[in-house]
Amino acid sequence: MEQSSKDSYRKIKGIVLTSMILVPLIPFILILGIGYFYFTSSVEHSSIASIKRIVEDHRQMVASFLGERKSDLELIADSYSFTELVRENTIRVVYDHLHKKAPAFADLGVFDENGVHVAYEGPFKLTGKVYNEAAWFKEVIKKGYFISDVFLGYRRIPHFCIALMRTEDGKKWVIRATIDTHMFNDMVKKVRIGKTGEAYILNAEGIFQTERRSGGSLMNKDPDTVELPRPHSGIKTFTEKDARGDKYLYATTWLKDNRWFLVVRQEVADAFKALRSAGYLIALITVMGGAAIVGIAIFETNRIVGRMEQLDAEKDQLGEQLVRASRLAEIGEMATGIAHEINNPLQVMKSEKTLIDTILSDLKDRGELKESEDLKELEDSIDQINLQIDRCSKITHAVLKFGRQNDAISTEIDLGVFIPEVIGMITNKASVEGITITQDILADIPSIQGDQGHFQQVLINLFNNAIYAIVERHGSEGGELAVGAGLNDDGMVRTYVRDDGAGISPENLKKVFSPFFTTKPVGKGTGLGLSVCYGIIDAMGGVMRVSSQKGLGTTFTIDLPVAGSK
Ligand code: ADP
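Everything in the sequence shown is counted per numbering that gives the first Met the number 0, starting at 0 for the first residue and increasing by one.
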């Protein structure tokens, strides 16, 4: 192939390949990207919404817990007077009732206006202790109601209390209950989201009011929240790294008049876990889909460009074949002309030979020529000349017959005689290639109607193709060619030519009757033989078919009407 056409195929290949890759790849990646974007934001929204919902639930739960405990205490303070409560045993009875109703109450105490613990029921010995300097006491006296942060107090264990102030006969007194921090703690802690989700409460100084599952004891400073957000209403969500460097998704809200800070948090990797798997999946789909697109594009491009190259080659070949065919036609015409020219002198020679014969026999009759060895030799020579003239005229006739094929002369053809004659023409060629020819012609086979020269051309073509295919498979030894004629089921005359040659692939089988289809090397085949044969048989009112198995052999059948049947 020329360099320039190689370059142009390379260019076409580049263009086709690029567009075949880019056209599907761009929308493919766009769709995946958009899909991933929407998926990501939907996962983020739903994770944030769910963590917000948990904070909201918790906020309500803590508020209603504290509200209920406050109402419990208010009921007592409103039902009993200070004097009643400090009376022997009353506080115990009241506490028992209270504890039954709300087990979160750990103790109950009553204080006079000087902060002296005048009545107490609970696990510690706190009666008589003075609290007038305690922060909570000061607060409750000031505000009438107070819920403390978690503190140690006299009992030296973390707890928090709810206290109410009442006035009786102009004197202030206080009722206070301690809340079981464990119960409160468990209530806040019990949230579960994913693997790392947790909830806890800090006070305004960032001190743990409940424990934190991932580390953080009561009353310790939270190492992660350096600065608490300023008090705000509603829920805030944000992501931040903790002291260990793990990134968390936070949802927070302020409780208890902005004195407690409720935090629900979950590690970002855990909260957005679905995103990571989706990311892997999308990366996998991108790689596999991209590879499939590139693979198919390369395969298809090679196929298309290959087909283009093949078509171009076929076009070039077609041109060459046309030139060769026209040259053959010219040679044919020339040969016919020469044959015609030679035929005339042959006729003259023939009549001269007849004249010589007549003269010789006259001379003999008149006794002027005696029988002798020389005369005998002369007569043999004349016979030889006669024989050679006959051979030459046979050849010229054959050439003329071939040349006149365009002007078809339809006659009845007796295949019983005709087929053996045509076989006779290729017997030599076949035996040189070691091919055995078998004939099976039905006795008294009905004649067909057609031009003998044309039908001969068909058979010779089939024989030549068969010999070529046999040599291709067997070399010059062991091939078989079977020729036969009989009647088919429809009463038509069927001629078949069967060989055990190389056979035809199913793909080529569809094309064998197409003009210019040839698998033979340049110079050996024109690809016109079978298409011309097909045309001839069709014109004779018949059908030509082929069946073949690659590597096993081929059979051509010709069905023709019986002469005079139409
Ligand atoms: P040509 O002989 O010039 O190639 P034809 O039209 O006679 O043209 O045949 C076309 C093609 O059909 C051949 O090139 C060959 O591939 C295939 N063919 C024809 N006859 C046979 C056969 N008997 N066995 C195998 N292949 C055949």
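Idealized CB from N, CA, C, for every residue including glycine.
Proximity to Ile178 [Cα-Cα], best of Gly244, Asn487, Ile200 and Pro102: Numbered from its first residue, the sequence shown carries residue 178 at position 179. Closest by alpha carbon: Pro102.
Val190 (DSSP reduced to helix, strand or coil): Position 191 of the sequence shown, counted from the first residue, corresponds to residue 190. Reduced to three states, the DSSP call for Val190 is coil.
Contained beta strand (DSSP E) runs [length at least 3] in the stretch 254-328, N- to C-terminal order: Listed in chain order, they are 259-266.
First and last residue of the uninterrupted alpha helix (DSSP H) at Val149: By 1-based counting over the sequence shown, the position of residue 149 is 150. Unbroken run through Val149: none, as it is neither H nor E.
Through-space distance from Ala296 to Val15, alpha-carbon basis: One-based indexing of the sequence shown puts residue 15 at position 16. One-based indexing of the sequence shown puts residue 296 at position 297. Val15 and Ala296 have their alpha carbons spaced roughly 8 Å apart.
Local conformation of Val511 per DSSP, three classes: Taking the sequence shown and counting its residues from 1, the one referred to as residue 511 is at position 512. Val511 falls in the coil class under three-state DSSP.
Distance between Asp537 and Ala429 (C-alpha atoms, nearest Å): Taking the sequence shown and counting its residues from 1, the one referred to as residue 429 is at position 430. Taking the sequence shown and counting its residues from 1, the one referred to as residue 537 is at position 538. So the alpha carbons of these two residues sit roughly 28 Å apart.
Supposed contact pair Leu261 and Ile200 - C-beta distance, whole angstroms, cut 8 Å: The residue you call residue 200 lines up with position 201 of the sequence shown. The residue you call residue 261 lines up with position 262 of the sequence shown. Sure, about 5 Å apart at Cβ, within 8 Å.
Opposing strand residues paired with Asn202 [DSSP bridges]: By 1-based counting over the sequence shown, the position of residue 202 is 203. Asn202 is bridged to Trp259.
Backbone secondary structure at Ala334 - three-state DSSP: Taking the sequence shown and counting its residues from 1, one reaches residue 334 at position 335. DSSP places Ala334 in helix when its eight states are reduced to three.
Extent of the continuous beta strand (DSSP E) to which Met543 belongs: Taking the sequence shown and counting its residues from 1, the one referred to as residue 543 is at position 544. From DSSP, the beta strand (DSSP E) with Met543 extends over Val542 to Gln548.
Neighbourhood of Gln438 by C-beta distance below 6 Å, restricted to the same chain and skipping five residues each side: For the purposes of this step, residue 438 is identified with residue 439 of the sequence shown, where counting begins at 1. Val482, listed in sequence order.
Assigned secondary structure, Gln451 (DSSP; H/G/I helix, E/B strand, else coil): The sequence position of residue 451 within the sequence shown is 452, counting from 1. In the structure shown, Gln451 sits in a helix (DSSP, three-state: H, G or I).
Short Cβ contact (7 Å threshold) for Gly526 with Phe516: Taking the first residue of the sequence shown as 1, we reach residue 526 at position 527. Taking the first residue of the sequence shown as 1, we reach residue 516 at position 517. Yes. Within cutoff.
Where the alpha helix (DSSP H) containing Ser430 begins and where it ends: Indexing the sequence shown from 1 puts residue 430 at position 431. Ser430 -> alpha helix (DSSP H) spans Leu414 to Val431.
Residue of Ile30, Phe159, Phe555 and Asn131 minimising C-alpha distance to Thr285: What you label residue 285 is simply residue 286 of the sequence shown in a count that begins at 1. Thr285 has its Cα closest to that of Ile30, out of Ile30, Phe159, Phe555 and Asn131.
Distance between Leu480 and Gly502 (C-alpha atoms, nearest Å): Looking up residue 502 in the sequence shown gives position 503. Looking up residue 480 in the sequence shown gives position 481. If you take the alpha carbons of Gly502 and Leu480, they lie about 13 Å apart.
Boundaries of the alpha helix (DSSP H) in which Ala538 is found, first to last residue: The residue labelled residue 538 in the question sits at position 539 within the sequence shown. Here the alpha helix (DSSP H) through Ala538 covers Gly528 to Ala538.
beta-carbon Asp499 near the ligand ADP non-hydrogen atom, thresh 6 Å: Residue numbering aside, residue 499 sits at position 500 when the sequence shown is read from its first letter. Incorrect: Asp499 has no Cβ contact closer than 6 Å to the ligand ADP.
Cβ-heavy atom distance, Ala465 to the ligand ADP, below 6 Å: Taking the first residue of the sequence shown as 1, we reach residue 465 at position 466. Yes.
Nonlocal neighbours in the same chain, by C-beta distance under 8 Å from Ser49, ignoring five residues either side: Counting from 1 along the sequence shown, the entry for residue 49 is found at position 50. Within the same chain, Ser49 has close Cβ partners Ile192.
Counted within 10 angstroms of its Cβ, other Cβ atoms place Gln265 as buried (16 or more) or exposed: Position 266 of the sequence shown, counted from the start, is the residue given in the question as residue 265. It counts as buried.
Continuous beta strand (DSSP E) assignments of at least 3 residues falling wholly in the stretch 214-243: Fully enclosed beta strand (DSSP E) runs of 3 or longer: 235-240.
Any 3 or more C-beta pairs closer than 8 Å across the stretch 31-40 and the stretch 230-242: no
The alpha helix (DSSP H) enclosing Phe136, as first and last residue numbers: The sequence position of residue 136 within the sequence shown is 137, counting from 1. Per DSSP, Phe136 belongs to the alpha helix (DSSP H) from Ala134 to Lys142.
DSSP state of Lys523 mapped onto helix, strand, coil: Your numbering for residue 523 matches position 524 in the sequence shown. Coil.
Boundaries of the alpha helix (DSSP H) in which His89 is found, first to last residue: Taking the sequence shown and counting its residues from 1, one reaches residue 89 at position 90. It should be pointed out that residue 89 corresponds to Thr in this sequence rather than to His. Looking at the DSSP string, the run of the alpha helix (DSSP H) that includes Thr89 is Thr89 to Lys100.
Residues near Leu362 by beta carbon distance below 6 Å, same chain, minus five either side: As a first step, residue 362 is located in the sequence shown; it is residue number 363 there, counting from the start. Here the set comprises Leu368.
Best match in Phe271, Pro514, Ala291 and Ser380 for proximity to Val42 [C-alpha to C-alpha]: Within the sequence shown, the letter at position 43 stands for residue 42. Selected option, being the one with the closest Cα: Phe271.
Touch test, the stretch 441-457 against the stretch 531-545, Cβ-Cβ under 8 Å, three pairs minimum: yes
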